[in-house]
Structure formats: structure tokens, C-alpha cells
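K.L.:
Pasting a structure here, questions to come.
Residue numbers (my numbering): 184 to 430.
Below, the structure written as C-alpha cells:
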């Protein structure tokens with residue numbers, strides 16, 4: 184079993200014009216450079232009709248138990264709701280392996296992961312893959328098939344915190360149920376684009392966009408940057424490229 188340590192509710196207005204920003208462009212946000220994953224046409228024009236169906240967003244706040252930021256949650260929820268998205272919030276012990284397993288089938292157009300992440304083999308070893316922390320305590324007898332196939336890793340922030348399950352790219356492609364429907368995935372954890380394994384997995388699973396950092400970032404800065412990004416997308420009505428450039 185691989186082990187990992189980290190480096191350090193609802194209504195709103197309809198979308199304002201044309202196809203929403205979350206349906207058309209796959210792109211990555213890095214500290215130093217922008218990394219793009221393009222699945223569909225890089226342009227988007229007005230269509231004269233609203234995007235069909237119920238629009239929902241999810242905030243996966245894995246950090247809530249140790250590093251809560253209610254002001255951030257309130258502000259980013261307001262931005263999403265004002266844009267016309269119904270927001271569902273998951274926090275603390277709700278952040279389990281099974282929650283991640285079900286995400287593609289829950290119909291979210293935007294998923295924001297406020298979660299620790301890490302690089303497997305980052306302590307003097309060859310870096311192999313990216314893993315995203317859950318809050319589910321590690322047990323050898325849980326999720327046995329996924330452990331044996333290296334879809335899950337043991338992870339902890341440091342020696343003062345318990346081991347938890349962390350998901351990798353193969354969990355996304357093999358164990359997540361269903362397909363995302365052009366979902367925008369925003370990763371707030373460190374180094375989620377140092378490698379592109381997790382990004383490629385989400386894109387393969389149907390995400391239209393994957394936005395993440397390619398290095399280590401301070402949490403207070405990440406909260407501010409994520410809020411600025413969502414505000415640029417929703418309030419300023421910028422495209423994904425424009426919002427990333429302005430953030």
C-alpha cells in the first residue's frame with residue numbers, strides 16, 4: 184500500500200450571456216505558467232438561449248476540520264449562487280472515498296476541491312503521481328480492491344495527524360461512477376498540476392476544465408486566489424482564459 188505525505192444552501196440568477204464559462208474550455212492554472220487541456224472549441228459565442236437543465240456546484244471542503252475559513256465559503260457560495268448555480272457544501276467527515284466515487288453522477292457543473300493534496304514519492308524518490316486527500320481514516324480492511332490496485336494511497340499532513348485515504352488518477356478513471364458532464368474542476372491543493380496525471384484523469388472522465396496549481400502554495404493565498412478566479416468568471420463574466428490571466 185503506497186504512503187503519502189503532503190508538502191506542507193440556494194438559488195440565484197440565470198447565467199448572464201450565451202453558453203456559461205464552464206462548458207467549453209479545459210485549462211490548468213499554474214503558479215508560474217498556465218497549462219491547458221483543451222477538449223472542445225476554444226471560442227464561445229452567444230446562442231440566444233440559456234444553458235439547459237438545473238445548474239449545480241459543489242464545494243468539497245476537506246480542510247474544514249483543521250483549517251476552516253467560513254468567510255471564504257460564504258463569499259464563494261454567494262458568487263456561485265448569484266451566477267445561477269445551486270451550491271452544495273461538503274465538509275469534514277463527509278469527505279470520504281465513497282463521496283468521491285459518486286461525484287460524476289451528481290450532476291455538478293462546477294466542483295471546487297478545497298483539499299490537501301500531495302505527490303507520491305516526494306521524499307527523495309521519483310515522483311510517480313498526484314493524490315487528493317479525503318478525511319476518511321485509513322483502515323487496511325476498507326476499500327481493499329482499490330488499495331491493491333493502487334487507486335488509493337495512505338496520506339497524512341504530518342506526524343501529528345492521522346493517516347487517511349487519498350485518491351489517485353486511477354481511482355478517478357476506474358472507480359468513479361458515471362461520467363462528468365462538462366464539469367469544471369477547480370483544485371485548490373498544492374501541486375495538482377506538477378504532474379498532469381490527475382488532470383488527464385478528470386478530463387478523460389468528462390470534465391471540461393481542470394484548474395490547479397503546479398507547485399506549493401500558501402492556503403491563505405489560495406483561498407483569496409480561488410475567490411478571485413470565481414469572481415472573475417461569475418461576476419465579471421470573463422472566459423476561463425481571461426479569468427485565469429486576471430487572477
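Glycine included, C-beta positions come from ideal geometry on N, C-alpha and C.
Keep in mind that this is a model prediction, so the values were computed, not measured.
Buried or exposed for residue 273, going by 16 or more other Cβ atoms inside 10 Å?
P.N.:
So residue 273 counts as buried.
K.L.:
According to DSSP, simplified to helix, strand and coil, what is residue 323?
P.N.:
Residue state, collapsed to three classes: coil.
K.L.:
Give me the Cα-Cα distance between residue 357 and residue 376, rounded to the nearest whole angstrom.
P.N.:
Cα to Cα, the separation comes out at about 20 Å.
K.L.:
Just to confirm my understanding: we take residue 369, look at its own chain, exclude 5 residues before and 5 after, and list those with CB closer than 6 Å. What are they?
P.N.:
Result list for residue 369: 295 and 394, in chain order.
K.L.:
Could you give the DSSP three-state label for residue 239: helix, strand or coil?
P.N.:
Residue 239: strand per DSSP, three-state reduction.
K.L.:
Below 8 Å, how does it come out for the stretch 327–343 and the stretch 258–272: are there three or more Cβ pairs, yes or no?
P.N.:
The answer is no - the stretch 258–272 does not touch the stretch 327–343, with fewer than three Cβ pairs under 8 Å.
K.L.:
Need the endpoints of the beta strand (DSSP E) that residue 366 sits in, please.
P.N.:
Note, residue 366: beta strand (DSSP E), 366–370.
K.L.:
Got a sec? Which residues, its chain only, sit under 7 Å from residue 239 by beta carbon, not counting five neighbours each side?
P.N.:
Around residue 239: 268, 269, 271, 290, 291 and 292.
K.L.:
Quick one: is residue 415 buried, meaning 16 or more other Cβ sit within 10 Å of its Cβ, or exposed?
P.N.:
Buried, by the Cβ-count rule.
K.L.:
Entirely within the stretch 339–425 and at least 4 residues each: give me those alpha helix (DSSP H) ranges in chain order.
P.N.:
Those alpha helix (DSSP H) runs which fall completely within the stretch 339–425 and span 4+ residues are 352–357, 380–387 and 402–417.
K.L.:
Taking the alpha-carbon positions, what's the residue 411 to residue 250 distance?
P.N.:
Straight-line Cα distance between these residues: approximately 20 Å.
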